[in-house]
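Notes follow once the structure below has been shown.
2 protein chains.
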Amino acid sequence: MTDSNPNASLPAPSIPGDALPPVEQHAQQYATVRNAHETELIEDYVELIGDLLAHRGEARAADIANRMAVSQATVSKMIRRLNELELVTSKPYRSLFLTEAGQKMAETSRARHDIVLHFLRALGVRDATARIDAEGMEHHVSDETLAIMQRFTEQQQKS
Amino acid sequence: MTDSNPNASLPAPSIPGDALPPVEQHAQQYATVRNAHETELIEDYVELIGDLLAHRGEARAADIANRMAVSQATVSKMIRRLNELELVTSKPYRSLFLTEAGQKMAETSRARHDIVLHFLRALGVRDATARIDAEGMEHHVSDETLAIMQRFTEQQQKS
DNA sequence: CAATATTGTTAGCCAAGGCTAAACTGTTTG
DNA sequence: CAAACAGTTTAGCCTTGGCTAACAATATTG
Numbered sequence: 225m226t227d228s229n230p231n232a233s234l235p236a237p238s239i240p241g242d243a244l245p246p247v248e249q250h251a252q253q254y255a256t257v258r259n260a261h262e263t264e265l266i267e268d269y270v271e272l273i274g275d276l277l278a279h280r281g282e283a284r285a286a287d288i289a290n291r292m293a294v295s296q297a298t299v300s301k302m303i304r305r306l307n308e309l310e311l312v313t314s315k316p317y318r319s320l321f322l323t324e325a326g327q328k329m330a331e332t333s334r335a336r337h338d339i340v341l342h343f344l345r346a347l348g349v350r351d352a353t354a355r356i357d358a359e360g361m362e363h364h365v366s367d368e369t370l371a372i373m374q375r376f377t378e379q380q381q382k383s
Numbered sequence: 225m226t227d228s229n230p231n232a233s234l235p236a237p238s239i240p241g242d243a244l245p246p247v248e249q250h251a252q253q254y255a256t257v258r259n260a261h262e263t264e265l266i267e268d269y270v271e272l273i274g275d276l277l278a279h280r281g282e283a284r285a286a287d288i289a290n291r292m293a294v295s296q297a298t299v300s301k302m303i304r305r306l307n308e309l310e311l312v313t314s315k316p317y318r319s320l321f322l323t324e325a326g327q328k329m330a331e332t333s334r335a336r337h338d339i340v341l342h343f344l345r346a347l348g349v350r351d352a353t354a355r356i357d358a359e360g361m362e363h364h365v366s367d368e369t370l371a372i373m374q375r376f377t378e379q380q381q382k383s
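Sequences listed follow chains A and B, in order.
Just so you know, we're using my numbering here: the first sequence kicks off at 225 and counts up by one.
Just so you know, we're using my numbering here: the second sequence kicks off at 225 and counts up by one.
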């Protein structure tokens, strides 16, 4: 301990069971989140490209830029990355397409996104809010939780 | 449209109602997520510092580095930022303390985190998974959804 | 109390993901 | 079919959040 401690009187944890997790577990939590962040944007791009292809028949950089509220230059740079990762194919000045791997990722992302979105709606969240929350949450929901969400939604719809 | 389109046969949206959202709404979703990302790490640090102060009486850079699974140099740099943001006070080689603003942020983050964690457990997610998911999800859950989660958890505990 | 161990800081590197401005390509249209 | 417009790319900048290595301060202990 050090000298004067202005925070010494912070309230004790409300529930004893909510003590700090063991260091390794705690570290694991943060590492998982950091990891998710790296793939998140990639998945968002791929998912959006898949959606544009499905709904519009083509995916142009300008559309992506508009929908992501990001400059075209940023999209262009990102597409180069997606290319290197072999998730999309692109000829200069032409529409984008997804590779096998890209399509797979798009489908997975889309499915995950839908489960979360439908779950939130089933829970009673307003549509506009559910959409925003789903977009942020989808990359941080484990398969275990996802399965539970899906079951919950189905239950809800039966009654 | 362009020439050959290898993705032209992608399945149509399973539910017609799930068409692409209008551009402005869509853009809003992504912007909200990008925005959350900027504050996320800050909140994680402040929350952790608050927890360490509450549970241990002090918050040292080394503890933070261990718990975050990050180098001490990274923590040191981050603390400088937190200082500039007037969320923590620190004298070199001494424990950290939270400013008023920092305490407020820590409390808010902690409360939010707890609601999500308890909700996931109430939903039936295993503890270890719930902890990991909560860490990632907490920054992307709106107040509206948070309130609904809290109500759900309370309902669950009554029965 | 000196030597060692732990802890914290600084410097300097890197990649990612934004941006603007400028150049280039492709499409549309007078 | 040339000019104008829309879309795309490139260059070059910035900030964040990582890292390692080297150095500095504090704490511990023989």
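C-beta atoms are modelled at their ideal positions from N, C-alpha and C, and glycine is treated no differently.
Only a predicted model underlies this, so the values are computations on that prediction, with no experimental measurement involved.
Annotated as proximal: residue 306 of chain B and residue 270 of chain B, with beta-carbon spacing under 8 Å. Under the Cβ distance rule, residue 316 of chain B does not count among the residues neighbouring chain A, no pair being separated by less than 8 Å. When C-beta atoms of the region 315-322 of chain B are compared with those of the region 281-297 of chain B, three or more pairs fall below 8 Å, so the two segments count as touching.
Here the C-alpha atom of residue 330 of chain A lies approximately 6 Å from the C-alpha atom of residue 274 of chain A. Partner residues in the beta bridge of residue 321 of chain B, as assigned by DSSP, are B:313. Residue 360 of chain B sits in a helix when the DSSP states are folded into three classes. For a cut-off of 8 Å, the C-beta gap from residue 360 of chain B to residue 257 of chain A is around 5 Å, short enough to register as a contact. In this structure residue 334 of chain B is buried. Its beta-carbon is surrounded by 16 or more other beta-carbon atoms within 10 angstroms. Residue contact check for residue 285 of chain B against chain A: no CB pair falls below 8 Å. Ranked by Cα distance from residue 251 of chain A, the options B:355, B:369, B:380 and B:372 are led by B:355. Residue state for residue 276 of chain B is assigned as helix, using DSSP reduced to three classes. Contact between residue 286 of chain A and residue 310 of chain A is absent: CB atoms are separated by about 23 Å, not below the 8 Å threshold. DSSP places residue 284 of chain B outside both helix and strand once states are collapsed to three, so it counts as coil. In the structure shown, residue 345 of chain B adopts helical secondary structure according to DSSP, grouped into three states. In this structure, the beta-carbon distance from residue 363 of chain A to residue 262 of chain A does not fall below 8 Å. For the 8 Å CB-CB criterion, residue 377 of chain A and residue 358 of chain A do not form a contact.
CA-to-CA, the gap between residue 302 of chain B and residue 312 of chain A works out to about 36 Å. Within chain B, the residues placing a beta-carbon under 7 Å from that of residue 350 of chain A are 368, ordered along the chain.
Residue 293 of chain B places its beta carbon less than 8 Å from that of residue 255 of chain A. For residue 295 of chain A, the three-state secondary structure derived from DSSP is coil. In the DSSP assignment, residue 242 of chain A falls outside any alpha helix (DSSP H) and carries neither an H nor an E.
When only Cα atoms are considered, residue 337 of chain B and residue 382 of chain A end up about 31 Å apart.
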